[in-house]
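S.K.: I'd like to ask you about the structure that follows.
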Amino acid sequence: MDQQTNALAALVLTTPKKQNEASNSVQPPGTKPQQVGKDSDDVIYANHFPCSFARDLTFYQYDVIVEEYHEKQQKYINISSREKRHQFVSDLLLVKAIHPTAVCWYDEGSCIYSTTNFKDKLPIIYEKEQQGYQRRLTIKSLSAISSTNDLDQSSIRIIETLIKQVLKEQFKAIGSVFYRWDEEPAQDGPYDLITGFKQAICLTESGPMLNVDITITRFYPHLDLLTFIWERFLQNKSPFHGLLSDRQYDQIGNRLKDVEVTTIQSDHQNKYVLTGHFSNDLPGKTFIEEQTHLLDYYKHLGFELRYPKLYCLKAYSLGKPQNLVDLPIELCCLREWQQVKEDESMKPIPAPPVSLVTQCANFTKVQRMLNLKHYCDSLLKSVNTKLSGENKQVAQLQTPVKTMFIGADVQHTKNNYSSELPSIAAVVASMNSECTLTNQRVSRQWPRKGKQSEEAILLLKEMVEELLIAFKDSNEGALPEHVVFYRDGVDDGQFERVQNDEVMALRKAFQTIYPTNSSSPLLTFIVVKKRHHTRLFRVVAPTDIANVESGVVVNSSIVNSNTNYLNFFLSSHKPGLGTNKIGNYVVLVNEIQYSLSELEELTYSLCHTDQRIDSRLSESIPSVLHLADAAASKARQLFDNRTRPSNATRAEILRVHEDMQDTPNMF
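Reading the sequence shown from the start, the letters are residues 939 to 1605 in our numbering.
Dropping the structure here:
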């Protein structure tokens, strides 16, 4: 990133140091409104900072393709690696290869932005050999123009891309999080804890805001693998003596499954993924060729193994899981900046082939008698829920109007550059108006050929039709009069698509299931955004802050500036640790004609309906949506994450045993 681009980033965005106050209409639903802000000493703070932009800056967006020449196929093919695309285009921008005077920046995907209009020079094609490969950048066309004089989501996205590219020169960027290169990590068991930050620009009622949030992430330490195993994981103080017990091998295998390593013999250039398994024989008896065992092989490479009585790790090259190799532990190093994955070693017996409800129990939790009652209570609640039992009801949800509450989410496969791996879509619906009984459908869907995973739920109509029939069977033939739909994972720029596709899919499902002589149900459709960085807190002392209470609502000041949609933040639970993560709710359709306060109270009540948790506890989002998240995650474990089928199928509903189809089987 050159000095000219850095200067532009500084010019575009300026922020004062004052923190924003959520200054209007903050109240717990279902209680008397609690006025805060200008006319009260009760102030709630948000991590939003007012910002301003230089005037009269025009941004030009160009569509680009970044390709690499493949000798076997005798043609250029799109580069799937974001890192390779970024490096190639950055090198071109640095030497002003695209334009001698223009300031340009790249989004690492399919767009380049500039403050210069060079439409008359298009298409621009630039070829260069890099790392032994012939690569090509093609700037095809001018696709959009925006300006700081008329800020919208498009111009904000362009500005955020510019700022991100500048920050990447100063920080380590992983996804949307930035970490200091020189930060000394804290230790958390065998892992390192590193503090990073996220940021976003929000268009709010109070004007543009820079939203900054802090996050702490667990990483594997950048250590030799043997040092990590012996000193960090097994916590030994004495020097390693060259042997491990069978029990230690089992512990290590479980912990290292899917961990990425580099190897000394490749000068840490080659990356491998560990399977969690070990070789059947020691290196002296493991042959890679008919006459060569691993001891001789590595000795020939100049690496005489110091610990020949250590079994090797089974691993495969990144992206080639079918090609297994044996790696000596002592020659492996943990890949730098590798986040710790969640442990998914505890898996239930698969629901698809057998009609069997399962419940895992961890008896180490009840070794202390103080925990026994609480643990057994939670265990029985979970079992009762899976057997379609009720553990609690929320009085505010009792109504004579038949109402179905639905939560829907899509979870994508990470790094799906080939577009061959599926996403999982889950839809969870209540089977009564009190939202105490639920049913679900999950589907597997593939993106279009050559495209990245898409957020749309392709089989929404079909899944909702089945859930409406299940509701009818559970309610003596009655269908819901109202449907309240909570949709997760939708960005501001996708609202129009959701209304055109998913809202229409719901209406078609209603037309299919409801008799022609009856009216369709009234629909309220709410987008739930929980991947934002907004945090609310109170200042309780000059150097101390606290979470806001459960039930606090913010429906002005920092909410989205789009007046076409009702919009509010809701703090619906009290976290045990850390800063409360709040839901942001945007109402796209409101045929039921709920008032804003009614929507807030309804949503707050729905955060208390999860039958698996204590009646005094709540969740950060409505329970049907939380269950949809859980169903999508569980479905990925229970069903094979298979590649795209050979036929033209883009989506399919995943079926469990017919005896379990209409029970809570995915939680």
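Just so you know, even glycine gets a beta-carbon here, dropped at the ideal spot from N, CA and C.
Helix, strand or coil for Ile1451, going by three-state DSSP, please let me know.
M.R.: Within the sequence shown, the letter at position 513 stands for residue 1451. In this structure, Ile1451 counts as helix in the three-state DSSP scheme.
S.K.: Assuming Val1380 and Ala1573 make a contact with CB atoms under 8 Å, what is their CB distance in whole Å?
M.R.: In the sequence shown, residue 1380 corresponds to position 442, counting from 1. In the sequence shown, residue 1573 corresponds to position 635, counting from 1. Taking the Cβ atoms as the reference, Val1380 lies roughly 4 Å from Ala1573, within the contact range of under 8 Å.
S.K.: Relative to the C-alpha of Arg993, which candidate in Asp1088, Leu1161 and Glu1392 has its C-alpha closest?
M.R.: The count along the sequence shown starts at 1 and reaches residue 993 at position 55. Considering only alpha carbons, the answer is Asp1088.
S.K.: Can you confirm whether the region 1473-1486 touches the region 1410-1426 when touching is taken to mean that 3 or more C-beta pairs between the two stretches lie within less than 8 Å?
M.R.: no
S.K.: To the nearest angstrom, how far is the alpha carbon of Cys1314 from that of Ser1320?
M.R.: In the sequence shown, residue 1314 corresponds to position 376, counting from 1. In the sequence shown, residue 1320 corresponds to position 382, counting from 1. Near 10 Å, if we compare the C-alpha coordinates of Ser1320 and Cys1314.
S.K.: With a cut-off of 8 Å on the beta carbons, I'd call Leu995 and Thr1086 a contact; round off their distance for me.
M.R.: Within the sequence shown, the letter at position 57 stands for residue 995. Within the sequence shown, the letter at position 148 stands for residue 1086. The Cβ separation is near 4 Å, so the contact holds.
S.K.: By Cβ distance, which residues of its chain are closer than 6 Å to Thr1601, with the 5 residues on each side in sequence left out?
M.R.: By one-based count along the sequence shown, residue 1601 stands at place 663. Here the set comprises Ser1326.
S.K.: Excluding five sequence neighbours on each side, which residues of the same chain lie with their C-beta closer than 7 Å to the C-beta of Pro1418?
M.R.: Translated into positions along the sequence shown, residue 1418 becomes position 480. The beta carbon of Pro1418 sits closer than 7 Å to those of Lys1340, Thr1341, Met1342, Phe1409 and Pro1459, all from its chain and outside the five residues before and after it, given in chain order.
S.K.: For the region 1211-1275, list the beta strand (DSSP E) runs that are entirely contained and at least 3 residues long, ordered along the chain.
M.R.: 1225-1227, 1251-1255, 1262-1265 and 1270-1272
S.K.: Which one of Gln1025, Ser1509 and Leu1592 has the shortest CA to CA distance from Ser1556?
M.R.: Mapped onto the sequence shown, residue 1556 falls at position 618. The residue with the shortest Cα to Cα distance from Ser1556 is Ser1509.
S.K.: Which of the three DSSP states, helix, strand or coil, is assigned to Cys1042?
M.R.: Counting from 1 along the sequence shown, the entry for residue 1042 is found at position 104. Correct three-state label for Cys1042: strand.
S.K.: Out of Asn1493, Pro1513 and Asp1184, point me to the one whose CA is closest to Leu1504's CA.
M.R.: Here residue 1504 refers to the residue found at position 566 of the sequence shown. Closest by alpha carbon: Asn1493.
S.K.: Is the region 1144-1162 touching the region 1263-1274 in the sense that three or more CB pairs, one from each, lie closer than 8 Å?
M.R.: In short, these stretches touch, since the Cβ pair count reaches three.
S.K.: Entirely within the region 1368-1421 and at least 4 residues each: give me those alpha helix (DSSP H) ranges in chain order.
M.R.: 1398-1412
S.K.: For Asp1439, which residues of its own chain have a beta-carbon under 7 Å away from its beta-carbon, when the five flanking residues on both sides are left out?
M.R.: Residue mapping note: residue 1439 aligns to position 501 of the sequence shown, counting from 1. Answer for Asp1439: Ala1394, listed in chain order.
S.K.: Along the chain, where does the alpha helix (DSSP H) that runs through Ile1167 open and close?
M.R.: Here residue 1167 corresponds to residue number 229 of the sequence shown, with the count starting at 1. That residue, Ile1167, is in no alpha helix (DSSP H); it is neither H nor E in DSSP.
S.K.: With 16 other CB atoms within 10 Å as the buried threshold, where does Gln1378 fall?
M.R.: Numbered from 1 along the sequence shown, position 440 holds the residue referred to as residue 1378. A buried status is given to Gln1378, since no fewer than 16 other beta-carbon atoms sit within 10 Å of its beta-carbon.
S.K.: Suppose you measure from the CA of Leu1592 to the CA of Phe1225; what does that come to, to the nearest Å?
M.R.: By 1-based counting over the sequence shown, the position of residue 1592 is 654. By 1-based counting over the sequence shown, the position of residue 1225 is 287. Counting only the Cα atoms, Phe1225 lies some 43 Å from Leu1592.
S.K.: Which class does Thr1155 belong to by DSSP, given the choice of helix, strand or coil?
M.R.: Within the sequence shown, residue 1155 is the residue found at index 217, counting from 1. Note: Thr1155 maps to strand in three-state DSSP.
S.K.: So Gly1191 is in the alpha helix (DSSP H); what residue range does that whole segment cover?
M.R.: In the sequence shown, counting from the first residue as 1, residue 1191 sits at position 253. Asp1184 to Leu1194 is the span of the alpha helix (DSSP H), which, as asked, contains Gly1191.
S.K.: Taking a contact to mean a Cβ-Cβ separation below 8 Å, would you say Phe1178 touches Pro1128 in this structure?
M.R.: If you number the sequence shown from 1, residue 1178 lands on position 240. If you number the sequence shown from 1, residue 1128 lands on position 190. Contact flag unset, no.
S.K.: How about Leu1220 and Tyr1249: are their beta carbons less than 8 Å apart?
M.R.: For the purposes of this step, residue 1220 is taken as the residue at position 282 of the sequence shown. For the purposes of this step, residue 1249 is taken as the residue at position 311 of the sequence shown. For Leu1220 and Tyr1249, yes; Cβs fall inside 8 Å.
S.K.: Under the three-state reduction of DSSP, which class applies to Met1598: helix, strand or coil?
M.R.: The sequence position of residue 1598 within the sequence shown is 660, counting from 1. Looking at Met1598 - three-state DSSP - the assignment turns out to be coil, as it is neither helix nor strand.
S.K.: For Leu1060, collect the residues of the same chain with a Cβ closer than 8 Å to its Cβ; drop the 5 residues on either side in sequence, then sort them by chain order.
M.R.: Counting from 1 along the sequence shown, the entry for residue 1060 is found at position 122. Counting only Cβ-Cβ distances below 8 Å, and skipping sequence neighbours, we find Tyr1000, Ile1077, Lys1078, Ser1079 and Leu1080.
S.K.: Considering only the beta carbon of each residue, do His1564 and Asn1522 sit closer than 8 Å?
M.R.: Within the sequence shown, the letter at position 626 stands for residue 1564. Within the sequence shown, the letter at position 584 stands for residue 1522. Not in contact: His1564 and Asn1522 (Cβ atoms no closer than 8 Å).
S.K.: Short of 7 Å in beta carbon distance, which residues of its chain neighbour His1206, apart from the five on each side in sequence? Order them along the chain.
M.R.: Here the question's residue 1206 lines up with position 268 in the sequence shown. If we look at His1206 and ignore the five residues flanking it on each side, its Cβ neighbours are Thr1200 and Cys1271.
S.K.: With H, G and I counted as helix, E and B as strand and the rest as coil, what does DSSP make of His1564?
M.R.: Start at 1 with the first residue of the sequence shown, and residue 1564 comes out as number 626. Residue state, collapsed to three classes: helix.
S.K.: For Lys1247 versus Gly1180, is the C-beta distance shorter than 8 Å?
M.R.: Numbered from 1 along the sequence shown, position 309 holds the residue referred to as residue 1247. Numbered from 1 along the sequence shown, position 242 holds the residue referred to as residue 1180. Yes.
S.K.: Does Ala1138 come out as helix, strand or coil in the three-state DSSP assignment?
M.R.: Taking the first residue of the sequence shown as 1, we reach residue 1138 at position 200. Strand, per DSSP.
S.K.: If Val1150 sits next to Asn1016, beta carbons under 8 Å apart, how far is it from one beta carbon to the other, in whole angstroms?
M.R.: Against the sequence shown, residue 1150 aligns to sequence position 212. Against the sequence shown, residue 1016 aligns to sequence position 78. About 34 Å separates the two Cβ atoms, so there is no contact after all.
S.K.: Run through DSSP, which three-state label would Ala1589 get?
M.R.: In the sequence shown, the residue the question calls residue 1589 occupies position 651. In the structure shown, Ala1589 sits in a strand (DSSP, three-state: E or B).
S.K.: What would DSSP say about Arg1445, mapped onto helix, strand or coil?
M.R.: Translated into positions along the sequence shown, residue 1445 becomes position 507. Looking at Arg1445 - three-state DSSP - the assignment turns out to be helix.
S.K.: What first and last residue would you give for the beta strand (DSSP E) that runs through Glu1067?
M.R.: The count along the sequence shown starts at 1 and reaches residue 1067 at position 129. Glu1067 -> beta strand (DSSP E) spans Ile1062 to Gln1068.
S.K.: State the beta-bridge partners of Lys1106 as determined by DSSP.
M.R.: For the purposes of this step, residue 1106 is identified with residue 168 of the sequence shown, where counting begins at 1. Lys1106 is not bridged to any residue.
S.K.: Going by beta carbon distance, what residues of the same chain come within less than 8 Å of Ala1299, once the five residues before and after it are set aside?
M.R.: The residue labelled residue 1299 in the question sits at position 361 within the sequence shown. Cβ neighbours of Ala1299 beyond the five flanking positions: Leu1317.
S.K.: Look at the alpha carbon of Gln1276 and the alpha carbon of Glu1487, and state the distance between them as a whole number of angstroms.
M.R.: Numbered from 1 along the sequence shown, position 338 holds the residue referred to as residue 1276. Numbered from 1 along the sequence shown, position 549 holds the residue referred to as residue 1487. Straight-line Cα distance between these residues: approximately 35 Å.
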